[in-house]
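What follows is one structure encoded as structure tokens, with my remarks underneath.
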Amino acid sequence: MSLVYRPARAQDLATADALVVASINDLTTRHGFGLMATPSAPNFQLFSLRDDPDGLWIAEDGDDILGFVWSWVCGNVWFLAQLFVDPAQQGRGIGNELLKRSLEHARKSDVAHKALITFTFNRVSQGLYIRHGLFPKMPIYLFRAARERVMEGLREPPFDSIPIDDNAATMEKLAEIDSRAIGFTREKHHRYLLNDPAATGVLLCSGSDCVGYCYVSSSGHIGPLAVREADALGDAFASALKMAADRSCENISAFLPGTCESALSLAVSRGMRITFPMLLMASHGYGTWTRYLPRNPGFM
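Written as structure tokens, this is what we have:
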């Protein structure tokens, strides 16, 4: 059978996720991190497929999916959520061909910026991205610690929290915060999170002033988190840690950009440790996050 590149379909996504998990674990094991990825329902991929199907492509040979690429667009930013090729099929140019189709998604969307988060040690992919105008911007570290360790001496949250709802006033506040924190609004992604039973989102407020928002998952993972002003990030992260610690979870985790010094210092003081290094790559003029903690490398 010949190699074919085609738009992804809903029925492809579970198989594509299995390929992604296998590819990640092959890479992380070879670099001494062991097995890092576990299968999960491809809910956000399916959401993205319904929202903007031009961003998802597969490479297949007969009935076998050999590669998968997934990108999404919000405002003036194109984000490459995943690009993975079956480890046994690497070296055939499949990743480059998939990336070309994904970058066409960016071109047709007429975006001003492109970005992605990749593994710090994935040198081959970084070279590929640089050739296409995406350059290393900053490290992003996955921090994790046992809930009991984080709870020790954890102070009361500095900010009040108000549950996020989908009314127009709330969406307007979220849009303003995102515009200041990451340079674009993402109402559709907030609505996705509001329909995720595993995620709890709150507005963070100081009196009547809304300073930011954060989401905490039932597993104890924090993110996304964003604030209007960089000097509020440390207190916002402290509030998120308290929210996570109040849940019945084994561990607390968060992705922290290297530019977010207050959050990094707080994480280390609470006994959290770096478990995995990643890297933000982006086109010229994008990628200085001092007000934002991403959810994960696919959602951002």
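One point on numbering: in our numbering, the residue at position 95 of the sequence shown is 1195, and numbering is uninterrupted. Where is the CB? At the ideal position from N, CA and C, for every residue including glycine.
*List the endpoints of the continuous alpha helix (DSSP H) containing residue 1148.*
First-last of the alpha helix (DSSP H) with residue 1148: 1143-1151.
_Option nearest residue 1146 by Cα separation, candidates 1310, 1384, 1335, 1170_ = 1170
*Measure from the alpha carbon of residue 1383 to the alpha carbon of each residue in 1217, 1302, 1346, 1331, then state which is nearest.*
The closest CA to that of residue 1383, considering only 1217, 1302, 1346, 1331, is found on 1217.
*Can the beta-carbon of residue 1393 be found closer than 9 angstroms to that of residue 1325?*
Yes.
*Which residue or residues does DSSP assign as beta-bridge partners of residue 1301?*
Partner(s): 1315.
*Identity of the residue in 1203, 1187, 1196, 1160 nearest residue 1178 by Cα*: Among 1203, 1187, 1196, 1160, the Cα nearest to that of residue 1178 belongs to 1203.
*Secondary structure at residue 1190, three-state DSSP: helix, strand or coil?*
coil
*Taking 9 angstroms as the cut-off, decide whether the C-beta atoms of residue 1253 and residue 1205 are in contact.*
no
_Under the three-state DSSP convention, the category residue 1133 falls into_ = coil
*In chain order, what residues of the same chain have a beta carbon less than 6 angstroms from the beta carbon of residue 1375, not counting five sequence neighbours either side?*
The answer, listed in chain order, is 1242, 1244.
_Measuring only the C-alpha atoms, how far is residue 1320 from residue 1344?_
5 angstroms
*What is the C-beta distance between residue 1183 and residue 1198, in whole angstroms, given that I count them as a contact (C-beta under 8 angstroms)?*
6 angstroms
*Which one or two residues does DSSP pair with residue 1173 in a beta bridge?*
1178
*Can the beta-carbon of residue 1379 be found closer than 9 angstroms to that of residue 1240?*
yes
*asked:* Suppose you measure from the CA of residue 1338 to the CA of residue 1222; what does that come to, to the nearest Å?
replied: 32 angstroms
_One or two residues paired with residue 1376 in a DSSP bridge_ = According to DSSP, residue pairing for residue 1376 in a beta bridge involves 1242.
*When we look at the beta-carbon of residue 1301 and count the other beta-carbons within 10 Å, is it buried (16 or more) or exposed?*
buried
*On the premise that residue 1357 lies in contact with residue 1220, defined as a C-beta separation below 8 angstroms, what is that separation, rounded to the nearest angstrom?*
With a Cβ gap of about 13 angstroms, residue 1220 and residue 1357 do not count as contacting.
*Below 6 angstroms CB to CB, which residues in the same chain sit around residue 1298 once its five sequence neighbours on both sides are set aside?*
1317, 1318
*Drop a sphere of 10 angstroms on the beta-carbon of residue 1160, count the other beta-carbons inside from all chains shown, and report buried for 16 or more, exposed for fewer.*
buried
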